[in-house]
Structure formats: C-alpha cells, structure tokens
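The structure appears right after this line, and notes come after that.
There are 2 protein chains.
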Amino acid sequence: MSRPPQKRRLETRARLLEVADAQIANVGYSGLRVEDVVAEAGVAKGTLFSHFGDKDGLLAVLIGARMMAILDDTEASPAPQTVTDLVDRLLPVVTFVAEDRVIFDLLLRYSGTTGTQTDEVITQSFFRQIALWAGWVSALQATGEIRRDQPAEHLAEGMQAFLNHVLALSFCAAHGAPADFRKELGGYLTAWLAPQAG
Amino acid sequence: MSRPPQKRRLETRARLLEVADAQIANVGYSGLRVEDVVAEAGVAKGTLFSHFGDKDGLLAVLIGARMMAILDDTEASPAPQTVTDLVDRLLPVVTFVAEDRVIFDLLLRYSGTTGTQTDEVITQSFFRQIALWAGWVSALQATGEIRRDQPAEHLAEGMQAFLNHVLALSFCAAHGAPADFRKELGGYLTAWLAPQAG
DNA sequence: ATTTAATATTGACCGCGGTCATTTTCTGAC
DNA sequence: GTCAGAAAATGACCGCGGTCAATATTAAAT
Numbered sequence: 001m002s003r004p005p006q007k008r009r010l011e012t013r014a015r016l017l018e019v020a021d022a023q024i025a026n027v028g029y030s031g032l033r034v035e036d037v038v039a040e041a042g043v044a045k046g047t048l049f050s051h052f053g054d055k056d057g058l059l060a061v062l063i064g065a066r067m068m069a070i071l072d073d074t075e076a077s078p079a080p081q082t083v084t085d086l087v088d089r090l091l092p093v094v095t096f097v098a099e100d101r102v103i104f105d106l107l108l109r110y111s112g113t114t115g116t117q118t119d120e121v122i123t124q125s126f127f128r129q130i131a132l133w134a135g136w137v138s139a140l141q142a143t144g145e146i147r148r149d150q151p152a153e154h155l156a157e158g159m160q161a162f163l164n165h166v167l168a169l170s171f172c173a174a175h176g177a178p179a180d181f182r183k184e185l186g187g188y189l190t191a192w193l194a195p196q197a198g
Numbered sequence: 199m200s201r202p203p204q205k206r207r208l209e210t211r212a213r214l215l216e217v218a219d220a221q222i223a224n225v226g227y228s229g230l231r232v233e234d235v236v237a238e239a240g241v242a243k244g245t246l247f248s249h250f251g252d253k254d255g256l257l258a259v260l261i262g263a264r265m266m267a268i269l270d271d272t273e274a275s276p277a278p279q280t281v282t283d284l285v286d287r288l289l290p291v292v293t294f295v296a297e298d299r300v301i302f303d304l305l306l307r308y309s310g311t312t313g314t315q316t317d318e319v320i321t322q323s324f325f326r327q328i329a330l331w332a333g334w335v336s337a338l339q340a341t342g343e344i345r346r347d348q349p350a351e352h353l354a355e356g357m358q359a360f361l362n363h364v365l366a367l368s369f370c371a372a373h374g375a376p377a378d379f380r381k382e383l384g385g386y387l388t389a390w391l392a393p394q395a396g
C-alpha cells in the first residue's frame with residue numbers, strides 16, 4: 001500500500017524549491033529553466049517532474065507561497081476606512097501579479113480548482129484573498145461607503161473580475177499595470193462600489 | 199525600400215490558413231501541430247513562422263476571423279430590448295471562447311494591442327465587439343432598462359471584465375462556461391446594469 | 001537578355017519541457 | 001544480517017515550437 005513520503009524526498013523537494021526561488025530572483029518567473037534548477041539542485045530532471053508534475057506545478061507552489069506572504073502583510077495592516085483606501089490595499093497584490101505574465105496566467109489557471117497536491121497553496125491564497133476583501137467590503141457597507149444591495153462576497157468577486165480585466169489589458173498594452181492601476185481600476189471600482197438607492 | 203508582398207507569398211499564406219483551419223476542425227485549437235500544417239501545405243517549417251511569427255500568431259488570425267464571423271451574425275440579428283436579451287446576445291461569443299482554452303488565452307493576449315500584422319484581425323474584432331455592446335447598452339439606457347450614471351462604453355468594458363472573469367473560473371473548474379453562463383454572468387450583469395438613483 | 005537587389009523559401013539545427021524503463025535507496029519482516 | 005518490495009531517483013530519449021544562414025525566386029533596371 002501507500003506509505004508516507006520518506007525524509008529524503010522531503011529534503012529533495014525543499015532543495016528544489018529553494019534553488020528555483022533563488023534563480024527566479026535573477027531571471028524572473030518567465031526566465032526560469034528546469035534544467036538549470038535540477039543542475040544546481042544536483043538532481044535528475046525526472047525527479048523535479050515527479051515532485052511537481054510539470055513546470056507550472058513548481059511555479060504554482062512558489063507563487064502561492066508569495067501570495068500567502070503578501071496576504072500576511074495585508075492582514076496585519078489596518079483595515080481600509082474609505083473606498084480609496086480599499087483600492088490602495090489591492091496594490092501589493094497587483095504589483096506582484098504584474099511582475100510577470102506567468103504569475104497572472106497561473107493564478108487564473110489554478111485559482112478556481114479544488115486543491116490537488118500541487119496547487120494547494122495557490123488555491124488557498126485565492127479564497128483567502130476573496131474572504132479578506134469581502135470582510136473589508138462588509139465593514140464599508142456598514143459605514144455607508146459601499147452599496148448595500150449586494151452581498152459583500154458578490155462585490156469582492158466583482159473586484160477580482162475588474163482587477164483581472166485591467167491586468168489583462170495592461171499585459172497586452174505596453175504600459176505596466178501598477179502605474180495606471182489607480183486610474184483605470186480605481187475608476188471602475190469606485191463607480192461600481194458606490195452606494196445606490198433601491 | 200520595402201516592396202508589396204508578391205503573389206506567391208499571398209498564395210502560400212492563404213494555403214497555410216486553409217490547411218490549419220481544416221485541421222483544427224479535427225483536432226481542435228490545442229491539438230494543432232505546426233509540423234502537420236506545413237507538411238500538408240507542402241512548405242517548410244520556417245515559411246510558416248516567417249508569415250505568422252509564431253504558432254500563436256497563426257491561431258490569432260484564425261480566431262480573429264471566427265470572431266468577425268460571429269459578430270457579422272450578431273449584428274444582423276435584432277437588437278436586444280431588455281437586459282435579459284442583452285445577456286443572451288453574448289452567448290455565441292461565450293460559446294466560442296469556451297470552446298478551447300487557447301482561444302480565451304489568445305483573445306486576452308491580443309485584444310488590447312495596437313494592431314501589428316499578425317494580430318490585426320483579432321484586435322479589430324475586440325474593438326468592434328465593445329462598440330457593438332456599447333450601442334446596445336446606449337439604446338437600453340434610453341429606455342431606462344440600464345443605469346444612466348456611466349457612459350455606455352464604460353459599462354460595455356465592464357461587461358467584458360465580468361465575462362472574462364466567469365470564463366476564467368469556468369476553465370479552472372470542471373464545468374463548462376456556456377451551461378452556467380446565464381446563472382453566473384447573468385446574475386452579475388443584471389445587478390450591475392440595473393438603473394440606480396444618483 | 002543579363003544583371004541586380006529585394007523578397008520568399010528552405011531544411012538542418014537548437015532549446016527546453018516532459019516521459020519512462022531502469023537502477024538505486026530506503027524500510028520493514030523474518 | 002538479509003531478503004522482499006515499495007519508494008525515490010536516474011538519464012537517455014522524445015516531441016514540438018522556433019531559429020537562421022544558405023538558397024531559390026521574383027521583379028525591376030540597364
């Protein structure tokens with residue numbers, strides 16, 4: 001039958017993640033090459049794939065970890081008091097996602113799946129982010145800063161939709177997302193989240 | 199200086215597109231292999247890349263053409279009279295985009311760029327679609343079916359944002375988009391487009 | 001007709017992600 | 001200790017997108 005993973009396997013996995021993370025700091029997510037990772041980690045190619053399935057699986061773990069770190073910071077910071085504050089709170093995530101097209105694509109790909117082994121972290125980070133935003137929205141609904149005619153979770157998912165949209169357009173065009181973020185997404189969101197009668 | 203393309207080149211390009219389109223009917227967009235296309239077209243590999251840059255460039259032309267065909271049909275049909283009608287009018291596009299993950303990715307990638315040679319068609323189709331939707335929205339704003347506090351173009355882009363979001367989530371989850379389309383996107387859009395005071 | 005220069009095409013070659021039968025290493029049973 | 005069997009790791013191999021210096025074709029100039 002199936003036994004728990006052995007010590008050696010866990011060490012190999014940790015070393016692969018460590019090496020990949022270090023190399024990404026130099027060449028970026030798009031520039032990462034599997035052969036370089038296994039060479040520096042001192043393992044064979046097949047070993048990496050047996051751990052993470054494919055290259056995206058490896059990246060998903062690293063990206064999920066960074067998303068979690070960003071969410072840790074964000075949760076530690078004070079809650080937004082206005083819609084403008086709320087939009088500003090999204091900046092760290094947007095900046096990270098805009099760092100590399102690969103990040104955007106992978107978050108889009110893994111964010112909705114029920115967690116398997118490889119995409120566990122990235123999936124959790126996604127739901128955690130929506131929950132965090134919904135909490136903010138709910139608080140601002142109470143103060144009348146945000147419309148009350150829709151549930152906070154619904155509005156939070158809408159925020160995600162707008163964010164994806166602007167990021168996608170930003171990747172298409174030459175300009176990076178963070179620079180124009182406040183103008184474009186800010187305009188969408190403030191209008192959309194504004195209180196309304198009925 | 200630069201001369202206009204020669205007859206032979208145009209013929210080669212047309213043949214490549216023809217063959218690729220036929221093969222896609224069998225194997226789907228994801229299943230298309232460059233080597234098969236050039237083999238059946240009777241040209242060398244490098245020729246294809248000199249025409250379309252990369253595989254995505256070839257697919258972009260074909261996808262753009264299909265988008266244009268869908269838009270032709272849609273424009274020929276009667277204009278929507280209600281928000282529900284409007285949501286229904288989006289179905290042909292959604293069905294097409296959901297046909298293959300590659301379509302979604304490529305539309306996202308090329309839709310915002312200023313037209314170069316390869317992505318010209320897909321870019322035009324994007325702007326045409328937004329303009330078409332904006333026209334519908336504008337008409338429904340006049341009859342009071344849709345909120346008037348934002349310009350029609352703004353709302354049309356928002357529709358695009360929601361549509362992308364739902365499609366992305368649909369690709370992540372197991373269920374296909376068209377089935378749940380009316381429920382998810384319809385819910386978002388009707389609430390968002392509803393008239394409001396202020 | 002011949003030359004000339006731009007254009008169009010070729011096909012050998014490469015990079016890199018991914019596979020899989022084989023070998024090595026570990027763990028528990030006796 | 002040693003033997004059996006599972007887990008882990010190996011490395012030769014493959015598929016396929018993409019490149020590029022060399023070659024062939026075309027159209028204009030003389």
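In the order they appear, the protein sequences are chains A and B. Residue numbering for the first sequence follows our numbering, beginning at 1 and increasing consecutively. Residue numbering for the second sequence follows our numbering, beginning at 199 and increasing consecutively. Beta carbons are placed, not taken as given, at the ideal position from N, Cα and C, and that holds for glycine.
* the segment 32-53 of chain A: which residues have C-beta closer than 8 Å to a C-beta of chain B, in chain order? -> Within the segment 32-53 of chain A, no residue has its Cβ closer than 8 Å to any Cβ of chain B.
* **the segment 10-27 of chain A / the segment 57-67 of chain A touching (three or more Cβ pairs under 8 Å)** => Yes: the two stretches touch, three or more of their Cβ pairs being nearer than 8 Å.
* Asked: So is residue 93 (chain A) buried or exposed if we call it buried at 16+ other beta carbons inside 10 Å?
  -> The residue is buried, with at least 16 neighbouring Cβ atoms inside 10 Å.
* Using the rule of at least 16 other Cβ atoms within 10 Å of the residue's Cβ for burial, across every protein chain shown, is residue 77 (chain A) buried or exposed? -> Exposed, by the Cβ-count rule.
* To do: Could you tell me if residue 151 (chain A) is buried or exposed, where buried requires 16 or more neighbouring beta carbons within 10 angstroms of its beta carbon?
  => Exposed: under 16 other Cβ atoms inside 10 Å.
* Assess, as a yes-or-no matter, whether the segment 162-171 of chain A is touched by the segment 358-368 of chain B under the definition of 3 or more beta carbon pairs within less than 8 Å. => The segment 358-368 of chain B is in contact with the segment 162-171 of chain A.
* Asked: Should residue 96 (chain A) and residue 70 (chain A) be called a contact, given that it needs their Cβ atoms to be closer than 8 Å?
  -> A contact, by the Cβ cut-off of 8 Å.
* Asked: Buried or exposed: residue 312 (chain B), going by 16 or more other Cβ atoms within 10 Å of its Cβ?
  -> Model confidence at residue 312 (chain B) stands at a pLDDT of 48, short of 50, so the residue's coordinates are unreliable; what they give is reported in the following sentence. A residue is called buried when at least 16 other Cβ atoms come within 10 angstroms of its Cβ; residue 312 (chain B) does not meet this threshold and is exposed.
* **Close Cβ partners of residue 30 (chain A) (< 6 Å) along its chain, the five nearest in sequence each way excluded** => In its chain, beyond the 5 residues on either side, 100, 102 have a beta carbon closer than 6 Å to the beta carbon of residue 30 (chain A).
* Helix, strand or coil: how does DSSP classify residue 269 (chain B) here? -> The DSSP-derived three-state label of residue 269 (chain B) is helix.
* **Alpha-carbon to alpha-carbon, residue 133 (chain A) and residue 145 (chain A)** => Those two C-alpha atoms are separated by around 14 Å.
* To do: Check each residue of the segment 96-108 of chain A: if its Cβ is closer than 7 Å to any Cβ of chain B, include it; give the result in chain order.
  => Listed in chain order, the positions of the segment 96-108 of chain A with a beta carbon within less than 7 Å of a beta carbon of chain B are 108.
* For residue 66 (chain A), which residues of its own chain have a beta-carbon under 7 Å away from its beta-carbon, when the five flanking residues on both sides are left out? -> Contacts found: 96.
* First and last residue of the alpha helix (DSSP H) that includes residue 131 (chain A)? -> Element bounds for residue 131 (chain A): 120-142.
* **Beta-carbon neighbours of residue 160 (chain A), restricted to chain B and to distances below 7 Å** => Chain order gives the chain B residues near residue 160 (chain A) as 363, where near means a beta carbon separation below 7 Å.
* Asked: Assuming residue 261 (chain B) contacts residue 305 (chain B) under a Cβ cut-off of 8 Å, what Cβ separation, rounded to an integer in Å, is found between them?
  -> Sure, about 7 Å apart at Cβ, within 8 Å.
* residue 153 (chain A) (DSSP reduced to helix, strand or coil) -> Judged by DSSP in its simplified three-state form, residue 153 (chain A) adopts helix.
* Check the C-beta distance from residue 34 (chain A) over to residue 55 (chain A) and give it rounded, since I have them as a contact under 8 Å. => The pair is a contact, with the Cβ atoms about 6 Å apart (cut-off 8 Å).
* Go through its chain and collect everything with a Cβ distance to residue 354 (chain B)'s Cβ below 6 Å, but skip five positions before and after it. => Correct list, in chain order: 328, 331, 332, 335.
* Asked: By Cβ distance, which residues of its chain are closer than 8 Å to residue 174 (chain A), with the 5 residues on each side in sequence left out?
  -> Reliability of the predicted coordinates at residue 174 (chain A) is poor, the pLDDT of 44 falling under 50, and no value is obtained from them.
* Of the listed residues A:88, A:49, A:126, nearest to residue 104 (chain A) (C-alpha basis) -> Selected option, being the one with the closest Cα: A:126.
* To do: Determine the direct distance from the alpha carbon of residue 211 (chain B) to that of residue 153 (chain A), and round the result to whole angstroms.
  => One C-alpha to the other measures close to 49 Å.
* Which chain A residues sit within Cβ distance under 8 Å of residue 390 (chain B)? -> Simply 158, 192.
* If you draw a straight line from the alpha carbon of residue 8 (chain A) to that of residue 28 (chain A), how long is it in whole angstroms? -> Their Cα atoms are separated by approximately 28 Å.
* Quick one: grab the DSSP three-state call for residue 82 (chain A). => Residue 82 (chain A) sits in coil when the DSSP states are folded into three classes, being neither helix nor strand.
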